Amino acid sequence: MAWLLLIIAGLLETGWAIGLKYTDGFTRPIPSLLTAVGLALSMLLLSLAVRDLPIGTAYAVWVGIGAAGTAILGMLILGEPASPARILFLILLIVSLVGLKMTAA
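So that you can map any letter, position 19 of the sequence shown is 735 in this note's numbering, and since no number is skipped, the others follow by simple counting.
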């Protein structure tokens, strides 16, 4: 169950990170509220996951899911560059996350 909470927390991190783009410096109320709620829920789920998972592993996976998800959505919906090198390094990041999951105690 801790891993599921952690994955959801990472996906919420992706959501609030992308949401920052739409807050316009927290001047737009609805995007700002949704971003803040996503951030709070992400942190809450991370805190619940680390009850059963090592903090180093959980934090790295949480940040990695957020970073990879944000970069992927940036390319898909925000028009950010999708160079072969960028995609290669995202794949390496995802492989690293899977490795951390497989080697966690």
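Positions of the beta carbon are idealized from the N, C-alpha and C atoms, including for glycine.
Given the structure is predicted, the values throughout are model-derived calculations rather than measurements.
Just so you know, the alpha carbons of I734 and L789 end up roughly 8 Å apart. When the five nearest sequence neighbours on each side are left out, no beta carbon in the same chain lies closer than 6 Å to the beta carbon of A783. Excluding the 5 residues flanking it on each side, A787 has same chain C-beta neighbours closer than 7 Å at L806, in chain order. Residue range 800 to 819 is occupied by the alpha helix (DSSP H) that includes F805. Of the residues assessed, A765 falls on the buried side of the cut-off, its CB having 16 or more other CB atoms within 10 angstroms.
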